[in-house]
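Protein chains: 2
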Amino acid sequence: MKKVTVKCPATVANLVCGFDILGMALKEPFDIMTLKLIDEPRILITNKDDYNLPTEPEKNVAGVVLLSIMEKMNKGIGFEVEIEKHIKPGSGLGSSAASAAGAAVAANFLLDSVFSNDELVQFAMNGEKLASGVKHADNITPCILGGVTLIRSIHPLDIVKLNAPDLFVTVVHPQIEVKTSDARQILRKEVLLKNAIKQWGNIAGLVAGFEKGDTDLIGRSLEDVIIEPVRSILIPGFDVIKSKSKEAGALGGGISGSGPSIFMLSKEAHTASLVETIMKETFSQLGIEYKTYITTIQKSGVELIS
Amino acid sequence: MKKVTVKCPATVANLVCGFDILGMALKEPFDIMTLKLIDEPRILITNKDDYNLPTEPEKNVAGVVLLSIMEKMNKGIGFEVEIEKHIKPGSGLGSSAASAAGAAVAANFLLDSVFSNDELVQFAMNGEKLASGVKHADNITPCILGGVTLIRSIHPLDIVKLNAPDLFVTVVHPQIEVKTSDARQILRKEVLLKNAIKQWGNIAGLVAGFEKGDTDLIGRSLEDVIIEPVRSILIPGFDVIKSKSKEAGALGGGISGSGPSIFMLSKEAHTASLVETIMKETFSQLGIEYKTYITTIQKSGVELIS
């Protein structure tokens, strides 16, 4: 029986100014997923972690992705799935995307790579639809392609892999709950044209910075005048961490996806470590449990490890 | 007495989706400007064309730029200026920017390059303020730097030169009047967030396309869901020209600046020529006088020719 094990990276969606279009894969944390191809049309899911996620295929992120693949293949195949989740659900680090993208990529390995990356993104979006109600691709795309990715358009799907710089990423996940759907609902439906212009100036600067490998331009462009001012209200300590991290030499950063995790980019390991200390001190003082990571940008996406 | 003659390129602001932030210099048309440095604090302007532009320094675009430079230098110098304008005022091809940028760069040549590009953009913006009431830099920046340019931010000024592809540009200037101030007033002050997201996806795609030299990505990204649907109403024939040009193989294009000129990008000279025919036929049928250009992207900005 064919069997593969894959590593599914955590991802940071939005990258501050690139709401709904930009994303980045992280070296850590990551999930481990094992898929076995079986010759019966059924899915058996086993969780090898303590998150008690549903195992009924229709209610499981990986499950619905695999169901859509089985439907497409239209022959008597199924999957046995073992998920070892390390990316905490609700962290804002693409936990559901890791399950969705991991399932799609692992299944594709088992099916002799019959699907293109665009098709894998489409399949995996079914998982995001289950998780958050919206077929968004800003975590899935970097999870599948690795590095930094752009979704120019979702209808039709047009994804572009950008050059990813060698930067350190410090992440803190404060153990508070921010639901993606809530974080989306508090946004205004209309924005001022003058703010939209500032935002697209920054997005253009950020993309140019990535492509040119100009880390200072990346830093100057990590500014969000539309989403962050609203969403950061949901994350205690956000403003302090951001301003102190930049004072300590970080290029910049912001909310990871819809939060509550916060990420900061740095050129030097030493700065990334200073930023971690700032994050730890801030949440300790606030009496909020947290977990931190010092990592880098994961240049490849979901990887076969055996 | 020191004297220089410079060539000042026409420019296309906005580049469809990059309202207020992107711009591109053209090989044709261009103005010719001659500046003489004199040791008296006065400015003498002579027009060597038929546009009857004002020659009082305070009312002339080049004049106000030179006045701001004289004020900054704070010593007894002045300029004699001859302007041979070929970029028709009100064409949407950066006519005032060519005068403003040309004056700033030519003066800087005469002053042994004492000013940086950022400073030259700042001086030249005084000319745009006189011409349109707004200190915008989206024509000035490509006119000074050449190629394709990004203004990430205007306060503080942050300009980035992007990689410019080898593309053909077909331009038509229909002889109708669209005032920059009118074209700005008809825009809504608020935009839908979902449209803003589409727009910044396209801007990100366009910048990535320029940097990667991916002309198909450039083509797919030349889409404007915010400004063009409103402004194109002021330009008869716009929709016909755009759709027929794309059918003929053009990558895409749109309104140049605030119009009324229209530009289209093509990979091949042959396509650029087909597009010109479409433009000519459309305005002939509408009974509107026009002028067309088939040109390329001018990679350098204002140039010293003697």
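Line by line, the protein sequences give chains A and B. Under the numbering used here, read the first sequence as residues 10 to 315, first letter to last. Under the numbering used here, read the second sequence as residues 10 to 315, first letter to last. Cβ coordinates follow ideal geometry from the N, Cα and C atoms, glycine included. On a predicted model such as this, the values are computed, not experimentally measured, just so you know.
In this chain, CYS26/B is not harboured by any alpha helix (DSSP H), its DSSP state being neither H nor E. Residue contact with chain A for LYS198/B: present (Cβ-Cβ distance below 7 angstroms to some residue of chain A). Identification of chain B residues near LEU159/A by a Cβ-Cβ cut-off of 8 angstroms yields GLY210, ALA213, GLY214, ALA217, ordered along the chain.
Residue environment for LYS207/A: buried (at least 16 other C-beta atoms within 10 angstroms of its C-beta). Listed along the chain, the chain A residues whose CB falls inside 8 angstroms of the CB of LEU120/B amount to none; the nearest CB is some 29 angstroms away. Put simply, of HIS182/B, GLU237/B, LYS170/B, LYS251/B the residue whose alpha carbon is nearest the alpha carbon of PRO38/B is HIS182/B. GLY262/B is bridged by DSSP to MET273/B.
Spatial neighbours of THR43/B in its own chain (CB-CB distance under 6 angstroms, excluding positions within 5 residues in sequence) are listed in chain order as THR14, GLU91.
Boundaries around LYS203/B are those of the alpha helix (DSSP H), 202-221, since no beta strand (DSSP E) includes it. Secondary structure note for ASN126/A: its alpha helix (DSSP H) is the uninterrupted segment 126-141. Taking 4 residues as the minimum length, the alpha helix (DSSP H) runs contained wholly in the stretch 229-261 of chain A are 237-240, 247-256, in order along the chain. SER108/B sits in a helix when the DSSP states are folded into three classes. Here the C-alpha atom of ALA133/B lies approximately 11 angstroms from the C-alpha atom of ALA140/B. Here LEU196/A carries a coil assignment [DSSP, helix/strand/coil]. ASP40/A is bridged by DSSP to CYS17/A. At a beta-carbon threshold of 9 angstroms, the residues of chain A lying near LEU201/B are LYS198, GLU199, VAL200, ordered along the chain. Looking at the backbone, the Cα of VAL249/A and that of ASN23/A are separated by about 21 angstroms. In the three-state reduction of the DSSP assignment, ASP167/B falls in the strand class, which pools E and B. A distance below 7 angstroms between beta-carbons, with the five flanking residues on each side excluded, links GLU49/A to the following residues of its chain, in chain order: GLY85, GLY87. Positions of the alpha helix (DSSP H) runs, each at least 4 residues long and wholly inside the stretch 42-104 of chain B, are given as 70-82 in order along the chain. Shown here, HIS182/A sits in a strand according to DSSP, grouped into three states.
Taking 7 angstroms as the CB threshold, ASP29/A lines the interface with chain B. For ALA22/A, not one C-beta of chain B is nearer than 7 angstroms to its own C-beta. The beta carbon of ILE206/B sits closer than 7 angstroms to some beta carbon of chain A. Using beta-carbon distances, VAL169/B counts as an interface residue toward chain A, with a partner under 7 angstroms. Excluding sequence positions up to five before and after PHE292/A, its CB lies within less than 8 angstroms of the CB of VAL181, PRO183, GLY246, GLU298, TYR299, all in the same chain and listed in chain order. Note: PHE177/A is bridge-paired with SER275/A, THR305/A in the DSSP secondary-structure output. With distances taken between CA atoms, LYS94/B lies nearest to TYR60/B out of PHE124/B, TYR60/B, ASP175/B. Shown here, SER315/B sits in coil according to DSSP, grouped into three states, outside any helix or strand. For LEU159/A, there is no enclosing alpha helix (DSSP H); the enclosing beta strand (DSSP E) has its first and last residue at 157-162. Nearest in C-alpha terms to LYS81/A, of all of LEU202/A, GLY262/A, PHE124/A, is PHE124/A. Taking the C-beta atoms as reference points, VAL178/A is found no nearer than 7 angstroms to PHE28/A. At a cut-off of 7 angstroms between beta carbons, SER162/B contacts chain A. For GLU220/B, the closest Cβ of chain A is nearer than 7 angstroms. In the structure shown, the three-state DSSP call for MET288/A is helix.
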